[in-house]
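For the sequence shown, our numbering gives the first residue as 2, with consecutive numbering after it. Glycine is no exception: its CB is placed at the ideal position from the N, C-alpha and C atoms.
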Amino acid sequence: MFLKRAYGIVIIGILLALVLMFMMFGSGLFTEMEETTQVERENRIVVGVSQLGSESGFRTANTESVQNAFTQQNGYFLIYNNARQRQENQLKAIRSFISQRVDYIIFSPVVETGWETVLQEAKEAGVPVILMDRSVDVEDESLYVTCVGSNFVEEGEKAGHWLEKELQKQGHTQEPVNIVVLAGTEGSSSQIGRTEGFDAVAGGHDNWNILEQKCAEFTSTRGKEVMRGFLRKYPEIDVVVSQNDDMTFGAIEAIRESGRTVGVDGDIMIISFDAVESALEMVAEGTINVDIECNPNQGEYLLQVIDMLEAGEPVEKQYYVEEDVFTMENVTKEVLDERSY
Ligand code: AHR
Numbered sequence: 002m003f004l005k006r007a008y009g010i011v012i013i014g015i016l017l018a019l020v021l022m023f024m025m026f027g028s029g030l031f032t033e034m035e036e037t038t039q040v041e042r043e044n045r046i047v048v049g050v051s052q053l054g055s056e057s058g059f060r061t062a063n064t065e066s067v068q069n070a071f072t073q074q075n076g077y078f079l080i081y082n083n084a085r086q087r088q089e090n091q092l093k094a095i096r097s098f099i100s101q102r103v104d105y106i107i108f109s110p111v112v113e114t115g116w117e118t119v120l121q122e123a124k125e126a127g128v129p130v131i132l133m134d135r136s137v138d139v140e141d142e143s144l145y146v147t148c149v150g151s152n153f154v155e156e157g158e159k160a161g162h163w164l165e166k167e168l169q170k171q172g173h174t175q176e177p178v179n180i181v182v183l184a185g186t187e188g189s190s191s192q193i194g195r196t197e198g199f200d201a202v203a204g205g206h207d208n209w210n211i212l213e214q215k216c217a218e219f220t221s222t223r224g225k226e227v228m229r230g231f232l233r234k235y236p237e238i239d240v241v242v243s244q245n246d247d248m249t250f251g252a253i254e255a256i257r258e259s260g261r262t263v264g265v266d267g268d269i270m271i272i273s274f275d276a277v278e279s280a281l282e283m284v285a286e287g288t289i290n291v292d293i294e295c296n297p298n299q300g301e302y303l304l305q306v307i308d309m310l311e312a313g314e315p316v317e318k319q320y321y322v323e324e325d326v327f328t329m330e331n332v333t334k335e336v337l338d339e340r341s342y
């Protein structure tokens, strides 16, 4: 009986000691981590980046570009957040950046609308906001400092002008041309701009019939599903305009499974956007007719903008990245070797 009680006391003692040790070392460790973060932040420019997701090859390359730019060696402390395609996650991340008193907020808005309140909060807290890749639709443009991204309307026009020339080359200027469009995320700048640009050119051609435009969310899986639906619904499709390479990969699978062929020597012309390396390989072999580049390497541009802001220099409201148009003719071995994404 006495022995049992003694054991009990010893065990309780050991447990108490363990709890005490955990409290001391555990909390010590935590304080140390917090201090390290504080020390790490000191003398560095703190940047909070809210990336919209990881839906495509473009997006992966865009994220890498930002992470390679805002490094410790370059004098930055980067706080990165992936919003997984949800605007509410981006709003949360931006508010958290404001409360962490970052020096700059950079974000790629998943859609154009719905940002006024949070941008106003950032402005009132004195945190400059820089838009990356896509833009926002706000009445008061002073809510953000600048935007670094693509000219999506121009990209859409490039696609339209390429088709114009190609049909002319083929002497196909009078007969009906049946087009389907796989669109990116509804309400995103890239979807809005590319649609506007392509439609403007299409409007000048009475024989171009846009049979349908449907959202496939910039992903390969949805691209395949939506393309399958188009193939079932429309027996005569001449051209697929796919607003990014990932949807294109899915669409090509669906077309091939239906027994039809694609590309330069095929039944259906493929117009794609982004020009990631694997798509350029398909351009070189004639599977994709043309790829309108969307340049994800925006990190360097963002560094330059922040340098200018730090130096108190004025910045422009919009900076466009450089972009090309790729067909079989200009996708050389050098282009493929140099492609980093
Ligand atoms: O906003 C740019 C677009 O977003 C890219 O074309 C697409 O691949 C991405 O998801």
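Legend entry - D292, buried or exposed, once every other Cβ within 10 Å from all chains shown has been counted against 16: Within the sequence shown, numbered from 1, the residue matching residue 292 stands at position 291. So D292 counts as buried.
Legend entry - Cβ shell of Y321 (< 6 Å), same chain only, five flanking positions each side left out: Working through the sequence shown from its first residue, we reach residue 321 at position 320. Hits under 6 Å: N152.
Inset, instruction - Counting only the same chain and skipping the five closest in sequence on each side, list residues whose C-beta sits under 6 Å from that of D239. - result: To locate residue 239, count along the sequence shown from 1; it is residue 238. Here the set comprises V178, N179.
Legend entry - Unbroken stretches of the beta strand (DSSP E), 3 residues or longer, contained in the region 236-268: 240-243
Inset, instruction - Give every residue of the same chain whose Cβ lies closer than 8 Å to the Cβ of G185, excluding the five residues on either side of it in the sequence, and list them in chain order. - result: Walking along the sequence shown from the start, residue 185 turns up at place 184. Excluding positions up to five away in sequence, the list reads S191, Q192, R195, C216, A217, E218, F219, Q244, N245, M248.
Inset, instruction - Using a threshold of 7 Å, state whether the C-beta atoms of Y77 and I99 are closer than that. - result: Reading the sequence shown from its first residue, position 76 is the one you call residue 77. Reading the sequence shown from its first residue, position 98 is the one you call residue 99. Cβ distance not < 7 Å, so Y77 and I99 don't count as in contact.
Inset, instruction - Quick one: using the 10 Å Cβ neighbour count with 16 as the cut-off for buried, is P297 buried or exposed? - result: Counting from 1 along the sequence shown, the entry for residue 297 is found at position 296. When all chains shown are included, P297 counts as buried.
Inset, instruction - Specify the secondary structure class of V181 as computed by DSSP and reduced to three states. - result: Here the question's residue 181 lines up with position 180 in the sequence shown. When DSSP states are grouped into helix, strand and coil, V181 belongs to the strand group.
Inset, instruction - To the nearest angstrom, report how far apart V263 and E187 are at their CA atoms. - result: Residue mapping note: residue 263 aligns to position 262 of the sequence shown, counting from 1. Residue mapping note: residue 187 aligns to position 186 of the sequence shown, counting from 1. If you take the alpha carbons of V263 and E187, they lie about 26 Å apart.
Inset, instruction - With a threshold of 16 other CB atoms inside 10 Å of the CB of P110, please say whether the residue is buried or exposed. - result: Residue numbering aside, residue 110 sits at position 109 when the sequence shown is read from its first letter. That one is buried.
Inset, instruction - May I ask you to list the residues that DSSP assigns as paired with Q214? - result: Position 213 of the sequence shown holds residue 214. In DSSP, Q214 forms a bridge with V182.
Inset, instruction - Can you give me the start and stop residues for the alpha helix (DSSP H) that M228 sits inside? - result: For this step, residue 228 is matched to residue 227 along the sequence shown. M228 -> alpha helix (DSSP H) spans 221-234.
Inset, instruction - From the DSSP output, read off the bridge partner residues of Y342. - result: Reading the sequence shown from its first residue, position 341 is the one you call residue 342. Bridge pairing for Y342: absent [DSSP].
Legend entry - Cβ pair count under 8 Å reaching 3, the region 77-86 against the region 130-143: no
Legend entry - Backbone secondary structure at T114 - three-state DSSP: One-based indexing of the sequence shown puts residue 114 at position 113. Coil.
Inset, instruction - Return the CA-CA distance between E125 and I271, expressed in angstroms with no decimal places. - result: The sequence position of residue 125 within the sequence shown is 124, counting from 1. The sequence position of residue 271 within the sequence shown is 270, counting from 1. Each residue's Cα considered, the two are about 47 Å apart.
Inset, instruction - Please indicate yes or no: does the CB of S57 lie closer than 6 Å to some heavy atom of ligand 1? - result: Locating residue 57 in the sequence shown gives position 56, counting from the first residue. Flag set: Cβ of S57 near ligand 1.
Inset, instruction - Can you tell me which of the three DSSP states V289 falls into? - result: If you number the sequence shown from 1, residue 289 lands on position 288. First, the residue type needs correcting, since residue 289 is Ile and not Val in the sequence shown. Correct three-state label for I289: coil.
Inset, instruction - Check whether the Cβ of F219 sits closer than 6 Å to any heavy atom of ligand 2, and report yes or no. - result: No copy of ligand 2 occurs in the structure displayed; its ligands are ligand 1 alone.
Inset, instruction - With a threshold of 6 Å, establish whether the CB of S191 neighbours any heavy atom of ligand 1. - result: Sequence index remark: in the sequence shown, residue 191 carries index 190 (1-based). Yes, ligand 1 has a heavy atom inside 6 Å of this Cβ.
Inset, instruction - Go ahead and label Q299 buried or exposed: buried means 16 or more other beta carbons lie within 10 angstroms of its beta carbon, across all protein chains shown. - result: Here residue 299 refers to the residue found at position 298 when the sequence shown is read from its first residue. With 16 or more other CB atoms across the displayed protein chains lying within 10 angstroms of its CB, Q299 is buried.
Legend entry - Three or more C-beta pairs below 8 Å linking the region 117-136 and the region 157-169: no
Inset, instruction - Could you check the C-alpha separation between E33 and A252 for me, to the nearest Å? - result: Counting from one through the sequence shown, the residue named residue 33 turns up at place 32. Counting from one through the sequence shown, the residue named residue 252 turns up at place 251. Note on E33: pLDDT 39, under 50, position unreliable in the model; the coordinate value appears next. If I take the Cα positions, the gap works out to 52 Å.
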